[in-house]
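Everything on this sheet refers to the single structure shown next.
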Amino acid sequence: MYRFVYFLRLIMYICICIDFSLLLFYIIMEVMAEIIPAILEKEFAEIEKKIRLVEGLVSWVQIDILDSTLMNNVTFSDPAPFSSLRTPLKLELHLMVKDPLIYLPGFAKAGFKRFFAHVEGEHVEEYIETCLKYDVEVGLAIDGPTPVEKIKKYLADIDSVLVMAVSAGQSGGIFREETLEKIKKIKEFDFEMPISVDGAMNVENAKKVIAAGATRICSNSYIFGSENVKVAIGELKSLK
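If you count the sequence shown from 1, position 74 lands on 318 in my numbering, and the numbers rise without skipping.
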């Protein structure tokens, strides 16, 4: 009888520990949204300047690549200078292009660790396979007007999702309120999927997307358009 009671107490203790661990996990996931400065520039010198501004303040920085094939803008898209760039930051690439396979190999060899290609682009399956080949994190981005269901079939094969809260291709756009429902829907599809949100990420909008389930905030204008980059990043980091 004593052994049976001891066994029951042990089971109860394990259950309590598991419940506490899950609770702690949910709290951390809710509170700790990662801040990732996003850089959209036409010249490498400007990219490097902004990277230096955020060194020591964040762990990752996002570089945006556009070639006018998917969105109406053109940015710097040569991987060569990144090969010799010395920075403690990890680099991720947001490929706002029709064919991500043109750029992925070069930037992977240049040291980029995470990639986001658009689900609205071409060769999505080949893009995922190529990311695996180069042993980099594979992400998919979805533009503001695109139905969230379009990304659902790829979730089992990718590491994270990037949701555009504005129409992709320009910084400083107007926040799309339907972004919140899109985030919640992705969480329904896969609760543990990391979700980045990019576009119009000031304090007010970032707080809303974090509440909806976003785990990463990609911000360009709010950070680099501020008078004090460190303060701006600190304000975003403080959000719960």
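Where is the CB? At the ideal position from N, CA and C, for every residue including glycine.
Range of the contiguous beta strand (DSSP E) that encloses residue i
i: glycine 383; result: 381-386
i: proline 281; result: 278-283
i: isoleucine 372; result: Unbroken run through isoleucine 372 is the alpha helix (DSSP H), 368-377; no beta strand (DSSP E).
i: valine 473; result: Careful: valine 473 lies outside any beta strand (DSSP E), inside the alpha helix (DSSP H) at 473-481.
i: isoleucine 454; result: Per DSSP, isoleucine 454 belongs to no beta strand (DSSP E); it is in the alpha helix (DSSP H), 447-456.
i: leucine 310; result: 304-310
Alpha-carbon to alpha-carbon, residue j and residue i
i: lysine 428; j: tyrosine 378; result: 31 Å
i: glutamate 290; j: phenylalanine 359; result: 21 Å
i: valine 302; j: leucine 333; result: 7 Å
i: glutamate 537; j: glutamate 299; result: Absent from the structure is residue 537, since the part of the chain shown begins at 245 and ends at 484.
i: phenylalanine 320; j: glycine 383; result: 21 Å
i: phenylalanine 269; j: lysine 353; result: Legend: pLDDT at phenylalanine 269 = 48, less than 50; position of this residue unreliable, value from coordinates given subsequently. The straight-line gap from Cα to Cα measures roughly 34 Å.
i: valine 392; j: glutamate 292; result: 34 Å
i: leucine 329; j: asparagine 446; result: 29 Å
i: tyrosine 398; j: serine 463; result: 25 Å
i: methionine 340; j: alanine 361; result: 7 Å
i: alanine 458; j: alanine 400; result: 18 Å
Where residue i falls: helix, strand or coil (DSSP)
i: aspartate 343; result: coil
i: arginine 296; result: helix
i: serine 404; result: strand
i: methionine 273; result: Confidence in methionine 273 is poor, its pLDDT being 47 and thus under 50, which makes the residue's placement unreliable; the coordinate value appears in the next sentence. In this structure, methionine 273 counts as helix in the three-state DSSP scheme.
i: leucine 335; result: strand
i: isoleucine 418; result: coil
Span of the alpha helix (DSSP H) around residue i
i: arginine 358; result: Where arginine 358 is concerned, there is no enclosing alpha helix (DSSP H), although the beta strand (DSSP E) it sits in stretches over 358-362.
i: isoleucine 395; result: 393-396
i: proline 325; result: 324-327
i: glutamate 287; result: Glutamate 287 -> no alpha helix (DSSP H), and no H or E assigned at all.
i: threonine 313; result: Counting along the chain, threonine 313 falls outside any alpha helix (DSSP H), and DSSP gives it neither H nor E.
Bridge partner(s) assigned by DSSP for residue i
i: arginine 460; result: Glu278, Ser440
i: valine 485; result: Examination of residue 485 is not possible in this model, given that the chain is present from 245 through 484 alone.
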